[in-house]
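Chemist: Protein chains in written order, with the UniProt record's numbering: chain A, 1 to 257; chain B, 1 to 325; chain C, 1 to 421.
There's a structure below that I have some questions on.
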Amino acid sequence: MSMLTATSITKHFGGLTAVKDVSINFEKGSITAVIGPNGAGKTTFFNMITGIYSPDGGEIHLDQKPITGLKPNFIAEKGIARTFQNIRLFKEMSVLENVMVGMHTHLKAGFLGTLFSTPKVRSEEEQARYDAYSLLEYVGLADWVNHQAKNLPYGAQRKLEIARALATHPKVLLLDEPAAGMNPKETTELTDLILQIRDDKQITVILIEHDMKLVMRISEQIYVLDHGQLIAQGLPEEIRNNPNVIEAYLGKSAISV
Amino acid sequence: MQEILSTLPQVLLDGLTLGAIYAVVALGYTMVYGILELINFAHGEIFMAGAFIGTALLFTFVDIGLALNWLTLILVLLLASLLTGVLGVGIERIAYRPLRKAPKLIPLISAVGISFILQDLVRFIAEYKTGNYIVTGQTVFENKIAIPAFSIGGYDVHASAIKSNTLVVIGIAVLIMIVLDIFVNRTKWGIAMRAVAQDRDTAALMGINVNKVIALTFFIGSAIGGATGVLYAQQYATINPFIGFILGLKAFTAAVLGGIGNIRGAMFGGLLIGLLEVFAAANLGILTGGALGAEYKDVFAFIILILVLIFKPAGLFGQAVKEKV
Amino acid sequence: MKKLASLFSSSRTFQSVLILLIVLCTSTSLYLMDKSVTSFLLLLFSFLLLYYTTFSNWIKWGAGALIAFAVIPVAASGGPSQQVYMEVAVMAGIYIAMALGLNIVVGFAGLLDLGFVAFFALGAYVYGIFASPQAQALFHNSSIFPLGGESFWLFIIVGALVAALFGIILGVPVLRVKGDYLAIVTLGFGEIIRIVFNNLDKPINITNGALGISGIPQPKLFGFTFTQASHIYFLVLIVLGFVIYAVRRFEDSKLGRSWKAIREDEIASQAMGIPLVKTKLWAFALGASFSGMMGVLFAAKNQFVDPTSFTLLESITILVMVILGGMGSVPGVILGAAIISILNLQILTEITLFLTQNLHVPEVFSPAKMQRLLFGLVLVGIAIFRPQGLIPAKNKTYKIADLKAKLSKKNTKTKETTTSI
């Protein structure tokens, strides 16, 4: 069953077409990679799905319901969470608070309830705290709870972004270059974590990644973008041997050799 | 209608004069914003400092027995813009450069602080020297040019008079704008400035000395702001340390109206706001049947600012910039 | 010095003895001597010491309340300067509450508001117009107006609501666009409100223009009228107590976290489901409402309002309090507001008096006139050297062991229930 579908979506910036007529269908509970050379339009594709950009053409459906052009916060509410290529944590806030921000849409505390600190609000806060902590345990950051997010090592920051995204209880998780800047050991941990997330929580995972080892290991489907267009799709082995993909990455001469 | 039309020539001339002043001050805001994405709150005070420096220089010239004519005025303009230019560069070096990597709120706060420091320093010096912080300076061109009454399409137009200084203000302001436009678009340094405004890191990679370009931007913006201060003091004679604040607000509005970062836009915005303000001051009473008077003229620029932000936040000539994700 | 500090932080006995000693000495000397600014200031200093003690929060708040409600009013009542001290304390309290309001906007939500005094003015004028004879100029044939001092209690809320409403009206268009425009728009708004109040004596006389509104009634409760500063003092304390309580509540709540998240990164906040404009509006409205509330108090205390009380300098003064104390830090902002307001109201005038009378320094050098310079230096200095302020904001911390223990308890519980099914 398909969880997320993009139907011929397009985005122009001035004269440049960043994404052109791309259609992809993501199956529920699958792990899919979107790859392509720099500037291929991968992040723009993510930004359209998460509502940061509104597509100039085409439609996006989540669970058969249209979400095209909705504001990012509504899309997050409907069940799409993401991480960012250039880490965007709430730097001055504590690690635990970062995750608690992710729970925003699921907390019901209102203005007066907060002001008078009603039992309901208090127990909700307490619950949120434990949930946040258990998510931190899940991604392996239990020891960092009270640290400021900006003081975390790089790899841990990427994990925190994932924990924060998971806190929104997403149906779909978009990871924008989750392994960037990680050492091999961290990358292996991350690979396991992504697989675990999918298996434990039945979340549909979509990732943009340049680390081909990681991509080949965990993706069930791979889509290749180049110059904003979808140039190939298929299983990892098919993509590995696809001449179009090699050309896009290495140039035309690479094939003839 | 008759009433409005009868004063129209005077209104247009006064509006154009004020608008020219706003326009040049707006250039300083727009240049700094374009390059640093910082509202340089102190810019209004640099304008004010220019007015005081010019006035002080003219007093000194009178004291040493120099005749006041167009030559002395040019000398004063050059000296005042040199001093305010250096002032601007100093402010950037001390109060903004150390904060370039800080969260956006911090340099804004620093800018507000600088603006207050300048206000009080000038107030102190003026009060110490003259006993009063409101100063009436020397005017170089005092004679008036009369425009006779005439009648057009059945409407009588009142006679109006302009100070010859009005022509000086408009002339010099236009000259500054033309020179700046040529500088930014045609010269090596102007192109470097635009490059830094577009992408600081890439510009640095291309071998542009970013710090130098930013300092240059502050120098030019402040120098022309200071020169405008001198013109303002010439036109309106009386100045005080707080003139830069509301005027700065309006000039900033002009910059936003023209599309912040857009130099030609700022010129257009300044002229438009100047005209609207003088028109409102002259005719608000007539248009509202006496309910609202000229005292609301300062409200106008503000309402324009809000309207622009609601309907065309990128300004009339700017393009919307989206943060890179 | 370092030794003393370490002794202070390690020994609770030392802490209690020191504070008791200070409170005792200063309050006695304040009571016995007529004019002793130093002991008054030292007495206030005991609050800061109290903050740095290691006692539990309940004890700290209890002791603080005791000093504020009992020791200070009694100690100050010793001489003819009683009302002077109380006046200073009242104004300091009003400023602290306003600074806490601005802290929500600037410190928590990261929005620079340079016209905050506008909301203070709105509160003051709302009470001023409807509770004073000015209302009769507005509603000629109405027997309800003026409302009188009994209505003060209602107007505390009305003032808060009106200010919040204006905050929203201003915020809706402005909060949509880029953050730094907000600074300039609020700056303009502050001036506009002042201009409007200054001129709204025609066509209909609403504010009595530049002359201001006089004859504003003092608060009345069950026949008792709060006439003296020493009466108003208790009112201010209660309102301030409420404001601190409220700010504390919001700081660590869903709303408070979303403010801070927006301050740190708008795009990431949105991706977490936080609506930007709505969240910013809450900050704007809530901050404004505190200011409006204090405006009502201010009008009732002075029995007079005019536009000169609401200049840009006032807005910047409140901003300086927040920046100096530490953006986003509640204890910091309280400290910053206390320092600046006491500096403004007492210390600068004392120094000026001393300089001009004893040393015959010309008036142009008087420090009381150099507020702008002083505030400007504070702003630039803090921005460059200590952006986190005197007492930096701290995130709430949790004991990991607690979280872990409760979590495992909960997990076993859920496991039990699942197995029983």
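Note that the Cβ used here is the ideal one computed from N, Cα and C, for glycine as well.
(1) If you reduce the DSSP assignment to three classes, tell me which class Ser160 (chain B) lands in.
(2) For Thr26 (chain C), collect the residues of the same chain with a Cβ closer than 7 Å to its Cβ; drop the 5 residues on either side in sequence, then sort them by chain order.
(3) Give the secondary structure of Met3 (chain A) by DSSP, where H, G and I count as helix, E and B as strand, and everything else as coil.
(4) Name the one or two DSSP bridge partners that Val135 (chain B) has.
(5) Residues of chain B with CB under 7 Å from Asp180 (chain C), in chain order?
(6) So Leu118 (chain B) and Glu45 (chain B) are in contact, right, with Cβ under 8 Å, and what is the actual spacing, rounded?
(7) Quick check: does the Cβ of Ile74 (chain B) come within less than 6 Å of any heavy atom belonging to the ligand FMN?
(8) Alpha carbon to alpha carbon, how far is Ile260 (chain B) from Asn103 (chain C)? Give it in angstroms, no decimals.
(9) Can you name the residues that DSSP bridges to Ile213 (chain C)?
(10) State whether the segment 78–94 of chain B contacts the segment 147–160 of chain B, with contact taken as three or more CB pairs (one from each stretch) at a distance under 8 Å.
(11) Let me know the alpha helix (DSSP H) ranges lying completely inside the segment 63–127 of chain A, each 4 residues or longer, listed in chain order.
(12) Can you find the residues in the same chain that come closer than 6 Å, C-beta to C-beta, to Phe152 (chain C), ignoring five residues on each side of it along the sequence?
(13) Using the rule of at least 16 other Cβ atoms within 10 Å of the residue's Cβ for burial, across every protein chain shown, is Gly15 (chain A) buried or exposed?
(14) In the DSSP output, what is Asn25 (chain A) paired with across the bridge?
(15) Note down, in chain order, each residue of its chain lying with its Cβ closer than 6 Å to the Cβ of Phe218 (chain B), except the 5 sequence neighbours on either side.
(16) Just the Cα atoms here: how many angstroms apart are Ile421 (chain C) and Pro37 (chain A)?
(17) Here's a check: name, in chain order, each residue in its chain whose Cβ is nearer than 7 Å to the Cβ of Val105 (chain C), leaving out the five neighbours to either side.
(18) Return the residue from the list B:Leu68, B:Gly50, B:Phe116 that minimises the CA-CA distance to Ala95 (chain B).
(19) Put Tyr127 (chain C) into one of helix, strand or coil per three-state DSSP.
(20) If I'm right that Ile347 (chain C) touches Leu324 (chain C) with Cβ under 8 Å, what's the distance once you round it to whole angstroms?
(21) Kindly give me the distance between the Cβ atoms of Ile176 (chain B) and Ile224 (chain B), rounded to whole angstroms, as I take these residues to be in contact under 8 Å.
(22) With DSSP collapsed to three states, give me the class of Phe226 (chain C).
(23) In chain C, what lies closer than 9 Å to Gln119 (chain B) by C-beta?
(24) Would Met100 (chain A) and Ala132 (chain A) be called neighbours here (beta carbons separated by less than 7 Å)?
(25) On the DSSP letters alone, give me the boundaries of the alpha helix (DSSP H) that residue 424 (chain C) sits inside.
(26) Three or more beta-carbon pairs under 8 Å between the segment 228–237 of chain C and the segment 307–314 of chain C, yes or no?
(27) Beta carbons nearer than 8 Å to chain A: which residues of the segment 271–288 of chain C have them?
(28) Using a Cβ-Cβ cut-off of 7 Å, state whether Ala210 (chain C) counts as contacting chain B.
(29) So what does DSSP say about Asp14 (chain B), is it helix, strand or coil?
(30) Output yes or no for whether 7 Å exceeds the beta carbon distance between Ala163 (chain A) and Leu135 (chain A).
(31) Figure out for me which residue from C:Phe55, C:Lys2, C:Gly93 has the closest Cα to the Cα of Val243 (chain C).
(32) Grouping DSSP H, G and I as helix and E and B as strand, with all else coil, what is Ile421 (chain C)?
(33) Given that Pro98 (chain B) touches chain C, what residues does it touch there, using C-beta distances under 7 Å?
(34) Any beta-carbon of chain A closer than 7 Å to the one on Ala164 (chain C)?
(35) On the criterion of 16 or more Cβ atoms from any shown chain inside 10 Å, does Gly131 (chain B) qualify as buried, or is it exposed?
(36) Nearest to Arg249 (chain C) by alpha carbon, out of A:Leu230, A:Ala167, A:Phe111, A:Thr83?
Modeler: Let's see:
(1) By 1-based counting over the second sequence, the position of residue 160 (chain B) is 160. Correct three-state label for Ser160 (chain B): strand.
(2) Locating residue 26 (chain C) in the third sequence gives position 26, counting from the first residue. Around Thr26 (chain C): Ser39, Leu42, Leu43.
(3) Indexing the first sequence from 1 puts residue 3 (chain A) at position 3. In this structure, DSSP gives Met3 (chain A) an extended state, which the three-state scheme calls strand.
(4) What you label residue 135 (chain B) is simply residue 135 of the second sequence in a count that begins at 1. Looking at the DSSP assignment, Val135 (chain B) forms a beta bridge with B:Ile239.
(5) On the third sequence, position 180 is the one that residue 180 (chain C) refers to. Chain B residues near Asp180 (chain C): Ile39, Lys104, Leu108.
(6) Position 118 of the second sequence, counted from the first residue, corresponds to residue 118 (chain B). Position 45 of the second sequence, counted from the first residue, corresponds to residue 45 (chain B). A Cβ-Cβ distance of about 4 Å is found for the pair Leu118 (chain B) and Glu45 (chain B), placing them in contact under the 8 Å criterion.
(7) In terms of ligand content, the structure shown is empty, and the ligand FMN therefore cannot be addressed.
(8) Along the third sequence, one-based indexing puts residue 103 (chain C) at 103. Along the second sequence, one-based indexing puts residue 260 (chain B) at 260. Their backbone Cα atoms lie some 29 Å apart in a straight line.
(9) Counted from its first residue, the third sequence places residue 213 (chain C) at position 213. Answer by DSSP bridge pairing, in chain order: C:Val305.
(10) Three or more beta-carbon pairs separated by less than 8 Å are not found between the segment 78–94 of chain B and the segment 147–160 of chain B, which leaves the two stretches without contact.
(11) 72–78, 95–102, 111–115
(12) Here residue 152 (chain C) refers to the residue found at position 152 when the third sequence is read from its first residue. Contacts found: Pro219, Ala300.
(13) Taking the first sequence and counting its residues from 1, one reaches residue 15 (chain A) at position 15. Label assigned to Gly15 (chain A): exposed.
(14) Here residue 25 (chain A) refers to the residue found at position 25 of the first sequence. BP columns for Asn25 (chain A) point to A:Thr5.
(15) Here residue 218 (chain B) refers to the residue found at position 218 of the second sequence. Once the five neighbours on either side are set aside, the close Cβ partners of Phe218 (chain B) are Gly88, Val89, Glu92.
(16) As a working note, residue 421 (chain C) is residue 421 in the third sequence. As a working note, residue 37 (chain A) is residue 37 in the first sequence. In this predicted model, Ile421 (chain C) has a pLDDT of only 39, less than 50, meaning its place in the structure is not dependable; the value taken from the coordinates is given anyway. Their Cα atoms are separated by approximately 53 Å.
(17) Here the question's residue 105 (chain C) lines up with position 105 in the third sequence. Closer than 7 Å at the Cβ level, and outside the excluded window around Val105 (chain C), lie Leu111, Asp113, Ala283, Phe284, Gly287.
(18) As a working mapping, residue 95 (chain B) is identified with position 95 in the second sequence. Of B:Leu68, B:Gly50, B:Phe116, the residue nearest in Cα terms is B:Phe116.
(19) Counted from its first residue, the third sequence places residue 127 (chain C) at position 127. Residue state, collapsed to three classes: helix.
(20) On the third sequence, position 347 is the one that residue 347 (chain C) refers to. On the third sequence, position 324 is the one that residue 324 (chain C) refers to. Between Leu324 (chain C) and Ile347 (chain C) the Cβ distance is about 15 Å, and since that is not below 8 Å, they are no contact.
(21) What you label residue 176 (chain B) is simply residue 176 of the second sequence in a count that begins at 1. What you label residue 224 (chain B) is simply residue 224 of the second sequence in a count that begins at 1. So it is a contact: roughly 5 Å between Cβ atoms.
(22) By 1-based counting over the third sequence, the position of residue 226 (chain C) is 226. Three-state DSSP puts Phe226 (chain C) in coil, outside helix and strand.
(23) For the purposes of this step, residue 119 (chain B) is identified with residue 119 of the second sequence, where counting begins at 1. Correct list: Arg372, Leu373, Gly376.
(24) Locating residue 100 (chain A) in the first sequence gives position 100, counting from the first residue. Locating residue 132 (chain A) in the first sequence gives position 132, counting from the first residue. In contact: Met100 (chain A) and Ala132 (chain A) (Cβ atoms closer than 7 Å).
(25) Beyond the ends of chain C as shown, which are 1 and 421, falls residue 424 (chain C); an answer cannot be given.
(26) Counting Cβ pairs under 8 Å, fewer than three are found: no touch.
(27) So the close ones are Ala271, Met272, Gly273, Ile274, Pro275, Leu276, Trp282.
(28) Taking the third sequence and counting its residues from 1, the one referred to as residue 210 (chain C) is at position 210. It does not: the Cβ of Ala210 (chain C) has no partner Cβ on chain B nearer than 7 Å.
(29) In the second sequence, residue 14 (chain B) corresponds to position 14, counting from 1. Asp14 (chain B): helix per DSSP, three-state reduction.
(30) Against the first sequence, residue 163 (chain A) aligns to sequence position 163. Against the first sequence, residue 135 (chain A) aligns to sequence position 135. Yes.
(31) On the third sequence, residue 243 (chain C) is found 243 positions in, with the first residue counted as 1. Checking every option, the nearest Cα to that of Val243 (chain C) belongs to C:Gly93.
(32) Translated into the one-based positions of the third sequence, residue 421 (chain C) becomes position 421. With a pLDDT of 39 at Ile421 (chain C), under the threshold of 50, the modelled position of that residue is not reliable, and no figure is offered here.
(33) In the second sequence, residue 98 (chain B) corresponds to position 98, counting from 1. Simply Ile384.
(34) As a first step, residue 164 (chain C) is located in the third sequence; it is residue number 164 there, counting from the start. Not a single CB atom of chain A sits nearer than 7 Å to the CB of Ala164 (chain C).
(35) Looking up residue 131 (chain B) in the second sequence gives position 131. Exposed is the call here.
(36) To locate residue 249 (chain C), count along the third sequence from 1; it is residue 249. Checking every option, the nearest Cα to that of Arg249 (chain C) belongs to A:Phe111.
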